[in-house]
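Protein chains in written order, with the working numbering: chain A, 6 to 118; chain B, 550 to 823.
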Amino acid sequence: MSIDWDTVLAAIAILGLAVITVISRAFFMIPERELPLPDWLKRGLKYAPLAALSAVIAPEILMAQGQLIGTVMDARLPAVLCASAYYFWKRGILGTIVVGMAVYLPLHIALGW
Amino acid sequence: MSRMAPIARTLRHPSYRMAMVDMAGTAVGIGAWGLVTGVVMVKSGMSVGMAVFMSLVVYAGSAQLAVIPLMAAGAPLWVIWLTASCVNLRFVIFSSMWRSYFAHLPLRQRLALGYFSGDVIYVSFMQRFPEPRPQPEQVPYFWGAATTNWLAWQVPSLIGILLANVVPLSWGLGFAGVLALLGVLLSLLFDRATWLATGVAATAAIAAFALPLKLNILVAIAAAVAVGLLIEALEKHRQHPDVVLVPSTAALPPEEKRRVAAGDEVPLREEEHP
């Protein structure tokens, strides 16, 4: 039985990725003793989650093919506006997704925006 | 049986169910994103078996999406791993917050908690428990959120892998994932500092988009932390300190001393007339 080298390599890559998942997400929980962090950094880190989220979604909303979009005829813009408006009205995430997709899908599929 | 008892107790805990309810709305968006990731894995040329293995073992949406094209192109292992590490750097920052809640648990449990944590779990947990100190209901709450997140991701991801040629990517279903994260983000914005920090992060992420290894996310975090701290400092500076009269003979109590040192208070000694 021959072993496909590409398959072995992919499996090694995937196992390594799993180790990276564990180590990065548990990083500061791994040592038994607390690593001292300066006080200003601890206060500043409370801005990290919202920064990470906006850094992940801003390019998904405002960019196409690595460029800032140059048109307002993009289905994502009205969808995000309506979804945000719904969120501030009702404060529900499920409704935010439903409203956003209800605006996005027709514009995107039918009009090709 | 004794090994199963703590698990059963966690599953029956009211906080476990509460977390599932908190996560239910976001789960729809996570599911759409999982579905797209599953499809993308197979469309990139990965075999179905390998894609299932990757989804179940790696369990990291943004890192998977970043490395799939690299793996398809046959990039060297170190490039694949370095890219995934950089995409995951935000979780390193989150883990310093997790520590305040879970440091007392044994190492094996801390690693398990880390593996199953994600952006959305982090946000709903921190909203439920803003005070960074351990409470008994936090562990069941975490597992309730983690179970929901795992199912919401893995089930659609496996469906996407199996039905890769039927699910039309051109519809843009993955946009539901973006909308879920948008809802989570909006729930974090409540004052000038958080709004400004978000605006700065979004601008920085777009401006630095051309950086390799998704380092724009890290640039955005650094910029937002700096701006957040700056606004806090400015608002403190604009606030006028209170003038407090203090008897000339008495020493300042430690609490007042702290307030004076922080600039919130100016002590004024009262003159004594014999």
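The C-beta atom is built at its ideal place from N, Cα and C for all residues, glycine as well.
As the structure is a prediction and not an experimental result, all values here were calculated from the model.
Chain A places a beta carbon closer than 9 angstroms to that of Val672 (chain B), counting this residue as a contact.
Met78 (chain A) has a beta carbon lying at 9 angstroms or more from every beta carbon in chain B.
Taken atom to atom, the span from the alpha-carbon of Val768 (chain B) to that of Leu728 (chain B) is near 23 angstroms. Contact annotation: in the stretch 43-54 of chain A, residues whose CB is within less than 7 angstroms of a CB in chain B are Trp45, Arg48, Gly49, Leu50, Tyr52, Ala53 and Pro54. For Gly75 (chain A), not one C-beta of chain B is nearer than 9 angstroms to its own C-beta. A distance below 9 angstroms separates the beta carbons of Ile19 (chain A) and Val606 (chain B). Rounded to whole angstroms, the Cβ separation of Ile617 (chain B) and Met590 (chain B) is 6 angstroms, and the two are in contact under 8 angstroms. Its chain contains Thr101, Ile102, Val104, Gly105 and Val108 as the residues whose beta carbon lies nearer than 8 angstroms to that of Ala88 (chain A), once the 5 sequence neighbours on both sides are disregarded; these appear in chain order. Assignment of Asp668 (chain B) by DSSP, reduced to helix, strand and coil, places it in the helix class. Contact between Ala775 (chain B) and Ser59 (chain A) is ruled out by a C-beta separation of about 15 angstroms, above the 8 angstroms threshold. Non-local beta-carbon contacts of Asn765 (chain B) in its own chain, meaning distances under 6 angstroms to residues more than five positions away in sequence, involve Ala754, Ala757 and Phe758 in chain order.
DSSP, reduced to helix, strand and coil, places Arg818 (chain B) within a strand of the structure shown. Taken atom to atom, the span from the alpha-carbon of Met78 (chain A) to that of Trp118 (chain A) is near 6 angstroms. For Pro64 (chain A), at least one C-beta of chain B is nearer than 9 angstroms to its own C-beta. For Ala782 (chain B), the closest of A:Gly71, A:Arg38 and A:Arg48 by C-alpha to C-alpha distance is A:Arg48. Closest option to Thr752 (chain B), judged by alpha-carbon separation, among A:Val61, A:Phe32 and A:Gly75: A:Val61.
CA-CA distance, Leu660 (chain B) to Ile25 (chain A), rounds to 12 angstroms. Setting aside the 5 residues that flank it on each side, His113 (chain A) is surrounded in the same chain by Ala80, each with a C-beta closer than 6 angstroms to its C-beta; the list follows chain order.
Your pair Ala633 (chain B) and Ala615 (chain B) checks out as a contact, with CB atoms roughly 7 angstroms apart and the cut at 8 angstroms. For Ala69 (chain A), the pairing in a beta bridge is given by DSSP as A:Gln72.
Considering only beta carbons, the part of the stretch 633-651 of chain B lying closer than 8 angstroms to chain A consists of Ala633, Ser634, Asn637, Leu638, Arg639, Phe640, Val641, Ile642, Phe643, Ser644, Ser645, Met646, Trp647, Arg648 and Phe651, in chain order.
Two segments are said to touch when three or more pairs of C-beta atoms, one from each, lie closer than 8 angstroms; by this definition the stretch 34-46 of chain A touches the stretch 657-675 of chain B. If only complete runs of 4 or more residues are kept, the stretch 559-630 of chain B shows the alpha helix (DSSP H) at 563-592, 597-607 and 610-621, in order along the chain. For Val793 (chain B), the three-state secondary structure derived from DSSP is strand. The criterion of a C-beta distance shorter than 9 angstroms is satisfied by Cys635 (chain B) and Leu762 (chain B).
A buried status is given to Arg30 (chain A), since no fewer than 16 other beta-carbon atoms sit within 10 Å of its beta-carbon.
Residue environment for Asp11 (chain A): exposed (fewer than 16 other C-beta atoms within 10 angstroms of its C-beta).
Every unbroken stretch of the alpha helix (DSSP H) spanning 4 or more residues and falling wholly within the stretch 669-713 of chain B is given here in chain order: 687-711. Going by beta carbons, Pro54 (chain A) and Phe651 (chain B) fall outside the 9 angstroms limit. Contact between Thr559 (chain B) and Trp692 (chain B) holds, with the beta-carbon distance rounding to 5 angstroms and staying under 8 angstroms. Here the alpha carbon of Leu584 (chain B) sits roughly 30 angstroms from the alpha carbon of Ala557 (chain B). Between Ala694 (chain B) and Met646 (chain B), the alpha-carbon positions lie close to 17 angstroms from each other. Distances from the CA of Pro689 (chain B) to each of B:Ser564, B:Gln788, B:Ala554 and B:Glu819 were compared; the closest alpha carbon is that of B:Ser564.
Per the C-alpha coordinates, the member of B:Asn698, B:Glu814 and B:Leu760 positioned closest to Lys785 (chain B) is B:Glu814.
In the assembly as shown, Pro64 (chain A) is a buried residue. Its beta-carbon has 16 or more other beta-carbons within 10 Å. For chain B, the residues of the stretch 80-91 of chain A that bring a beta carbon within less than 8 angstroms of one of its beta carbons are Ala80, Arg81, Ala84, Val85, Ala88 and Ser89, in chain order.
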